[in-house]
Amino acid sequence: MAMEVTQILLSAQSVDSTVRKHAEENLKQFQEQNLPVFLLSLSVELANEEKPADSRKLAGLVLKNALDAKEQHRKYELVQRWLSLDVSVKGQIKACLLQTLSSTASDARSTASQVIAKVAGIELPQKQWPELVGSLLSNVHQVPPHVKQATIETLGYLCEEVAPEAIDQDQVNKILTAVVQGMNANEANIEVRLASTRALYNAIGFAQANFSNDMERDYIMRVVCEATLSPEVKIRQAAYECLVSIGSTYYEKLAPYIQDIFNITSKAVRDDEEPVALQAIEFWSSICDEEIDILDDYGGDFTADSDVPCYYFIKQALSALVPLLLETLLKQEEDQDQDEGAWNLAMAGGTCLGLVARTVGDDIVPLVMPFIEENITKGDWRQREAATYAFGSILEGPSPDKLIPIVNVALGFMLTALTKDPSSHVKDTTAWTLGRIFEFLHGSTLATPIITPANCQQIITVLLQSMKDAPNVAEKACGALYFLAQGYEDVGPTSPLTPYFQEIVQSLLNATHREDAGESRLRTAAYETLNEVVRSSTEETARLVVELVQVIMTELHKTLEAQKLSSDEREKQTELQGLLCGCLQVIIQKLGASDPTKYALLQYSDQIINLLLRVFACRNATVHEEAMLSIGALAYATGPNFAKYMPDFYKYLEMGLQNFEEYQVCAVTVGVVGDICRALEDKVLAYCDGIMTQLLKDLSSNQLHRSVKPPIFSCFGDIALAIGENFEKYLMYAMPMLQSAAELSAHTSSADDEMIEYTNSLRNGILEAYSGIFQGFKNSPKTQLLIPYAPHILQFLDSIYIEKDMDDIVTKTAIGVLGDLADTLGSNAASLIQASVSSKDFLNECLSSDDHLIKEAAEWARLAISRAISV
Amino acid sequence: MADENSTPHKRGPLKSSVGSAAVQRRRDHAVTVRKERREALMRTKRLCRVGVSSDDADVPVDADMATDEEQSVLEDQTVKSMEELNLAIAYQGKGAMQKRVNALRELRRLLSKSEYPPVEAALKAGAMPTLVQCLSFGSPDEQLLETAWCLTNIAAGKPEETKALLPALPLLIAHMGEKSSLPVAEQCAWALGNVAGEGEELRDVLLSQGALQPLARMMLPNKGSTGHAKAATELIRIDGVLDAILRHLKRGDEELATEVAWVVVYLTALSNVATSMLAKSDLLQILVDRLASSNSLELLIPVLRSLGNLVAGDSYVTDNVLVAGNEVTVRVIQVMIKCLSSEHRVLKKESAWALSNVAAGSVEHKKLIHSSGAVSILIRLLSTSPFDIRKEVAYVLGNLCVAPSESGRPVLIVDHLVSLVGGGCLSGFADLVRSADIEAARLGLQFLELVLRGMPNGEGPKLVEAEDGIEAMERFQFHENEELRSMANQLVDKYFGEDYGLDA
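Here it is in structure tokens:
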């Protein structure tokens, strides 16, 4: 029953776009009208040795795309559709796929491997296709190497697609054995060895048990290390990728091998081809990642035991590792500063050096200083740049006591280099290093300031001058200024930057106006730096910030007036609008924070709103996000007066809430609803029907990105707090949603950290909703409406308490809800409260918490409860 | 799927441009700000309530009362927290602000902790100069708030402890200014209120330092918040304020009178001192006049609530003003009838509540209400109005049927009971018994008990049975509330036991 699809598939790759589109349309129709026949026809095409390579390959790709999609919701649909297909059709398709693994056409084999893995990804977790792994393994022993290669490739993809739990240990063992044997030097065929090495990379996560067994682990490690010495560069690279993955997955098993690994990686870094050398450096970077995490877990608290002990591999290798990395710094590429995606030995080496500094702290300084001193004054720009880069890399990690004396000596030199060095590379890195100095060694926490009245003016003059340099240098100078300003964020009423404020702002605005401001992301850096300068400014310069409002409004106005733009220009314009909205957001926040400046700001609020409304009228997601944030800030500043903007703004609010494809826009808009609730209080009531309808729709949609759900629940709380007992009419919709979400989030049921984090954020949202509702109804005649929900809410509190996996934030919110419930329901809930675990064990635990916010919430809850049960 | 030729690096370069991280940080900051504001709002809502009640004398005492030992622990903690605070003030590094605020918060918590707050220990440890320093201009709001809160607690102490606040007064007054945020201004007002309450001497100091104007400004509702509550107690203590309130309420146009009436609502709700001062003025008369003459809902609500607060809050009113035979008493009942018959639920509910407080008075009061037109309206409301109003109405009707007695057990007023039951109120009470609301159920049961016990000729049980009262009471057989369970079970046993129905 398969149909002939060769011609359509070939047409779909035609150079003639009309032919191509027509063919694509046909394929789509076919797929919609008869999925089983469509998929079967594709698999038959893929398996047919008589067919052209191009149509076979495309058949495989279309088949693959019918099984998987990036977007979660679509993926789920595709999986369900496959599972519901007739068993015999699926059987035929799978037979075709397995048969293709023996094809002589390598493209067809490789495509079939990928499709098989996709099918396995769907079926194995459902306990279907149990014979797959067995039949693949039997292929491994076949003589033709190309079949073996394809089979091992399939096993590798399979490990990538399927979770380890879906395959039992016996089969895992067999897969690993086949893969590791394929890597072995005894395997004559290079393609088989390469496929095996790549397959091992995917299979490492499956080898938990095998890595716990000394003999098996020794064997795997020996084979991987041997593969790093293969004459084939691709095999060496793949072997190092395995090593990197082993390093982060089985850090605690590495001790016996680390010396050997150091030897082979250093040889690779020095002598091997770049792709291999980069992976060798990556191995050490990922070891740093592991040790930084472990040492972080140790924290200042030595009683806390981390699951994994630190073996201090980096510290042990330090004296050899640092010189190795310093050598790489001299291997820069000429144009790396202009190329945003550049990645080479010098960059990887410097990045690793930075991680090493964070891992070992002070110990790195004496090992790097001689390199800096030797190279910083050399005639070759590569040496000066490498020396500067080395310095910049080690500024995070070592203690200020160790670094500040060095920085004090170096600062003058760096400022001169930034103005006078003939090499743009050196200037770029120098400005970046200054930024790192200000980021880590400047600020109110540090006892000895590195910026003093004596050098402040010079620093600023040099940075502002560099903003006229090449775009990449100017961008780094902005970065330095950004951190310079940030260091003064809590400086008190007078800031050393005040005398320069106007000049700084003007220079930054000039930078944004440069013709070449689009290069090296200079414009973005300049605006964001302007924001930071404003944010960290003091009341002394408030007047100037007020003036800036008009400047930014004028700029924004200009972008809205521009007409007939090319698509390139439009894109640029859109980006600029986003930056300007961001700038407005920061200025509004700043001026809105104190009364006198707030009034100065509010004289422009009509104009600002009009501009923002026009921005909303242009449809672009990023700009909407930024404009929404400005609206939120403005709502706080205007307070109840924001009501007059609501009639015009409301439709954009609704549009934002409906935008679940661009879920960040939706999320930001949900947040803005909260801002508006707090600003308008009960005046928001008129809009609540629309808002609630939209929020409830969002929650019921299975297309909504899950990260938006917690903020929507919190938003229920915001609304209830604002409109009080008027929330009554939404209770019958909101409460069941909250209740079912609460049931789902009561148990995490997964050891996955990310999932636990998400569950906790969901719980927090739900609890904030409950708190808002209770507090909203407090003292109203309708509190009794909440009584029926009390048992479930208390039960929810009890069950998350018993689960013992709440984070501090959820704990605080949860104990708060207990208090709110008691506060609002009073004696009506007394017996329920007394029967709950939360009101006893949980409350007591919170009362003796070290976290003062938890303690405060708990003390309040205790008071509310004692009042409720004493009445 | 891995591309054949290149492995894309996943690690970001150490040397990166500032832009994208800055954008992210800015957005995160917006989210953080929003969270903080949500939290601050929630905190205000919660603390507002706590604050109000701890201002009263009869705070529900903590379950575990402080023993002497606990007291000395508390004092040690206080001394320690003062040390922490001084350290935090000396510290100038990053996060200094947060450190100070945390230290202040700890001190404040200690000072609010027990029935006997360790005020003396704090003062001995040098709290006052330190706290005055924390009030200096330009300090962040959170710090000011916590400091003013500490001072509020100190001022609530013994007279000489209150006087210790003298050096802080000018700054507390200054922070009530227009530029201050509302929570800070309110907390300062509260602290000053405690000072003003101490006596004439301190009140004079406050007046001479100009406290009156900012306090009065806070009373006006144009600051966009309902939070002028804390300023209430202290305002009333200031000379001239009471007169101004009465004058505006009496002669002002409806708009002004509405504003002032809300002020009175807060005063009477929040402060016993204020209530008792107002009770002795001719406020009641003015309120009644307003209720009788106005049809503005905006005005009627606060006026009616003020009246209710006044009646409920101070026995002086019921005992000395609303005595039977006074014209004002009759008029109060008339305006209540007007409100009970209103279309507006808030008016109905508030007036029922106010009336229930009058009905709780003397037998004369009960007679007066019983003989007025209120009863038929009340009985109708008991069966037709929303639940919360029914509850208030039930209180009025219940109160009409019993009178306080010296023996403790209330005495039944049989003719009232008979006429109310005759008017058809029993089914309404039986409904209340079936309610899930414990308070309402208790009311219902109590009334059934009256009927069972008090109706002449032993008619009670039959009447109750006719309203399905037995079934209603049997619902409590296994109720989790012990009081209701035993009350209902006893009634059923006593009146519907084995012998019931034998002689029928």
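Each protein sequence line maps, in turn, to chains A and B.
The first sequence begins at 1 in full-length UniProt numbering and counts up by one.
The second sequence begins at 1 in full-length UniProt numbering and counts up by one.
Glycine included, each C-beta is placed from N, C-alpha and C at the ideal position.
Q | the region 472-490 of chain A contacting the region 431-445 of chain A, beta-carbon criterion three pairs below 8 Å | A | Yes: the two stretches touch, three or more of their Cβ pairs being nearer than 8 Å.
Q) Do the region 262-280 of chain A and the region 225-241 of chain A meet, that is, are 3 or more Cβ pairs less than 8 Å apart? A) Three or more Cβ pairs drawn from the region 262-280 of chain A and the region 225-241 of chain A lie within less than 8 Å of each other, which places the two stretches in contact.
Q) Tell me which same chain residues have a C-beta within less than 6 Å of the C-beta of A/Asn-344, skipping the five on either side of it? A) Numbered from its first residue, the first sequence carries residue 344 of chain A at position 344. Hits under 6 Å: Glu-333.
Q) Taking the DSSP output, what are the residues bridged to B/Ala-403? A) As a first step, residue 403 of chain B is located in the second sequence; it is residue number 403 there, counting from the start. Answer is B/Val-411, bridged to B/Ala-403.
Q: Just the chain A side, please: which residues come within less than 7 Å of B/Val-393 by C-beta, in chain order?
A: Within the second sequence, numbered from 1, the residue matching residue 393 of chain B stands at position 393. Within chain A, no C-beta atom comes less than 7 Å from the C-beta of B/Val-393; the nearest is roughly 13 Å away.
**Q.** DSSP three-state assignment for B/Ala-66, whether helix, strand or coil
**A.** For the purposes of this step, residue 66 of chain B is identified with residue 66 of the second sequence, where counting begins at 1. Summary for B/Ala-66: the model assigns pLDDT 42, below 50, so the residue's position carries little reliability; its value from the coordinates is reported in the next sentence. It is coil, neither helix nor strand.
Q: Report the neighbours of residue 505 of chain B on chain A: residues whose CB is nearer than 9 Å to its CB, in chain order.
A: The shown model of chain B, from 1 to 504, leaves out residue 505 of chain B, and the question about it has no answer.
Q. Comparing alpha-carbon positions, which option in A/Ile-152, A/Ser-230, A/Pro-164 lies nearest A/Leu-200?
A. Numbered from its first residue, the first sequence carries residue 200 of chain A at position 200. It is A/Ile-152.
(Q) Taking 6 Å as the limit between beta carbons, can you name the residues of its chain near B/Leu-202, skipping five residues before and five after? (A) Against the second sequence, residue 202 of chain B aligns to sequence position 202. Taken in chain order, the residues that qualify are Val-195.
(Q) Once DSSP output is grouped into helix, strand and coil, what is the label at B/Gln-209? (A) The sequence position of residue 209 of chain B within the second sequence is 209, counting from 1. The answer is coil: DSSP assigns B/Gln-209 none of H, G, I, E or B.
Q. Mind pulling the chain B residues with CB within less than 8 Å of A/Tyr-482?
A. Taking the first residue of the first sequence as position 1, residue 482 of chain A is located at position 482. Taking a Cβ-Cβ threshold of 8 Å, the residues of chain B close to A/Tyr-482 are Val-18, Ala-22, in chain order.
Q.
I need the boundaries of the alpha helix (DSSP H) containing B/His-479, first residue and last residue.
A. Position 479 of the second sequence, counting from 1, holds the residue named residue 479 of chain B. B/His-479 -> no alpha helix (DSSP H), and no H or E assigned at all.
Q) Do the region 487-502 of chain B and the region 448-459 of chain B meet, that is, are 3 or more Cβ pairs less than 8 Å apart? A) Contact between the region 487-502 of chain B and the region 448-459 of chain B is present, because at least three Cβ pairs lie under 8 Å.
(Q) Give me the chain B residues within the contact set of A/Val-586, using Cβ-Cβ distance strictly less than 8 Å, ordered along the chain. (A) Start at 1 with the first residue of the first sequence, and residue 586 of chain A comes out as number 586. Neighbours of A/Val-586 in chain B, taken as residues whose beta carbon is under 8 Å from its own, are Arg-26 in chain order.
Q. Where does A/Tyr-250 sit, in a helix, a strand or coil, going by DSSP?
A. Position 250 of the first sequence, counted from the start, is the residue given in the question as residue 250 of chain A. A/Tyr-250 falls in the coil class under three-state DSSP.
(Q) For a contact defined as C-beta to C-beta under 7 Å, what are the partners of B/Gln-187 on chain A? (A) As a first step, residue 187 of chain B is located in the second sequence; it is residue number 187 there, counting from the start. Those do not exist, as B/Gln-187 stays about 16 Å from chain A at its closest Cβ, beyond 7 Å.
Q) Below 8 Å between beta carbons: does that hold for A/Asn-375 and A/Ala-357? A) The residue labelled residue 375 of chain A in the question sits at position 375 within the first sequence. The residue labelled residue 357 of chain A in the question sits at position 357 within the first sequence. Not in contact: A/Asn-375 and A/Ala-357 (Cβ atoms no closer than 8 Å).
Q) Which residue comes first and which comes last in the alpha helix (DSSP H) that contains A/Thr-693? A) As a position in the first sequence, residue 693 of chain A is number 693, starting the count at 1. Here the alpha helix (DSSP H) through A/Thr-693 covers 685-700.
(Q) Taking the straight line between their C-alpha atoms, what separation do you get for B/Gln-77 and B/Leu-110? (A) Taking the first residue of the second sequence as position 1, residue 77 of chain B is located at position 77. Taking the first residue of the second sequence as position 1, residue 110 of chain B is located at position 110. Taking the straight line joining both Cα atoms gives about 8 Å.
Q) Whose Cβ in chain B lies nearer than 8 Å to the Cβ of A/Cys-96? A) The residue given as residue 96 of chain A occupies position 96 in the first sequence. One finds nothing in chain B with a Cβ atom closer than 8 Å to the Cβ of A/Cys-96; even the nearest lies about 20 Å away.
Q.
Output needed for B/Pro-60: all residues of its chain with C-beta closer than 6 Å, excluding positions within five of it in sequence on either side, in chain order.
A. What you label residue 60 of chain B is simply residue 60 of the second sequence in a count that begins at 1. Bear in mind that the predicted position of B/Pro-60 carries a pLDDT of just 38, short of 50, making it unreliable; the figure below should be weighed with that in mind. For B/Pro-60, where only same-chain residues beyond five positions count, there are no Cβ hits under 6 Å.
Q: Could you check what DSSP says for B/Asp-388 in three-state terms: helix, strand or coil?
A: Taking the second sequence and counting its residues from 1, the one referred to as residue 388 of chain B is at position 388. B/Asp-388: helix per DSSP, three-state reduction.
Q: Find the nearest neighbour of B/Gln-209 within the set B/His-175, B/Leu-242, B/Pro-13, judged by alpha-carbon distance.
A: Taking the second sequence and counting its residues from 1, one reaches residue 209 of chain B at position 209. From the listed residues B/His-175, B/Leu-242, B/Pro-13, the smallest Cα separation to B/Gln-209 is found for B/His-175.
Q: Can you tell me which of A/His-747, A/Leu-762, A/Thr-669 puts its alpha carbon nearest to the alpha carbon of A/Ser-707?
A: Taking the first sequence and counting its residues from 1, the one referred to as residue 707 of chain A is at position 707. Of A/His-747, A/Leu-762, A/Thr-669, the smallest CA-CA separation from A/Ser-707 is found for A/Leu-762.
Q: Look at the alpha carbon of B/Val-418 and the alpha carbon of B/Arg-46, and state the distance between them as a whole number of angstroms.
A: Taking the first residue of the second sequence as 1, we reach residue 418 of chain B at position 418. Taking the first residue of the second sequence as 1, we reach residue 46 of chain B at position 46. Rounded to the nearest whole angstrom, the C-alpha separation of B/Val-418 and B/Arg-46 is 46 Å.
Q) Closest by CA to B/Gln-285, which one among B/Pro-302, B/Glu-465, B/Arg-331? A) Within the second sequence, residue 285 of chain B is the residue found at index 285, counting from 1. B/Gln-285 has its Cα closest to that of B/Arg-331, out of B/Pro-302, B/Glu-465, B/Arg-331.
Q. From what residue to what residue does the alpha helix (DSSP H) around B/Val-149 run?
A. Position 149 of the second sequence, counting from 1, holds the residue named residue 149 of chain B. One point to set straight first is that residue 149 of chain B is Trp, not Val, in the sequence displayed. That run of the alpha helix (DSSP H) goes 141-155.
Q) Quick one: what does DSSP say A/Cys-618 is sitting in, helix, strand or coil? A) As a position in the first sequence, residue 618 of chain A is number 618, starting the count at 1. Assigned with DSSP and collapsed to three states, A/Cys-618 falls in coil, not helix or strand.
Q: Could you spell out where the alpha helix (DSSP H) holding residue 939 of chain A opens and where it closes?
A: Beyond the ends of chain A as shown, which are 1 and 871, falls residue 939 of chain A; an answer cannot be given.
Q. Between A/Ser-870 and B/Leu-340, what straight-line distance do the alpha-carbon atoms span, to the nearest angstrom?
A. Translated into the one-based positions of the first sequence, residue 870 of chain A becomes position 870. Translated into the one-based positions of the second sequence, residue 340 of chain B becomes position 340. Approximately 32 Å between the Cα atoms of the pair.
Q) For A/Leu-418 versus A/Lys-427, is the C-beta spacing smaller than 8 Å? A) The residue given as residue 418 of chain A occupies position 418 in the first sequence. The residue given as residue 427 of chain A occupies position 427 in the first sequence. By the CB criterion at 8 Å, A/Leu-418 and A/Lys-427 fall inside the cutoff.
(Q) For B/Glu-392 and A/Gly-772, I'd like the C-alpha separation in whole angstroms. (A) Position 392 of the second sequence, counted from the start, is the residue given in the question as residue 392 of chain B. Position 772 of the first sequence, counted from the start, is the residue given in the question as residue 772 of chain A. Looking at the two C-alpha atoms, the distance is approximately 27 Å.
Q: Return the chain-ordered list of same chain residues with a C-beta closer than 6 Å to the C-beta of B/Asp-415, the five sequence neighbours on each side being excluded.
A: Residue mapping note: residue 415 of chain B aligns to position 415 of the second sequence, counting from 1. Nothing meets the Cβ criterion.
**Q.** Contact set between B/Asn-102 and chain A, taken where Cβ atoms lie within less than 9 Å
**A.** Walking along the second sequence from the start, residue 102 of chain B turns up at place 102. Here the neighbours are His-852.
Q) What residues from chain B crowd round A/Ile-608, counting only those whose CB sits closer than 7 Å? A) Taking the first residue of the first sequence as 1, we reach residue 608 of chain A at position 608. Ordered by position in chain B, no residue passes the 7 Å Cβ test against A/Ile-608, which lies about 16 Å from the chain.
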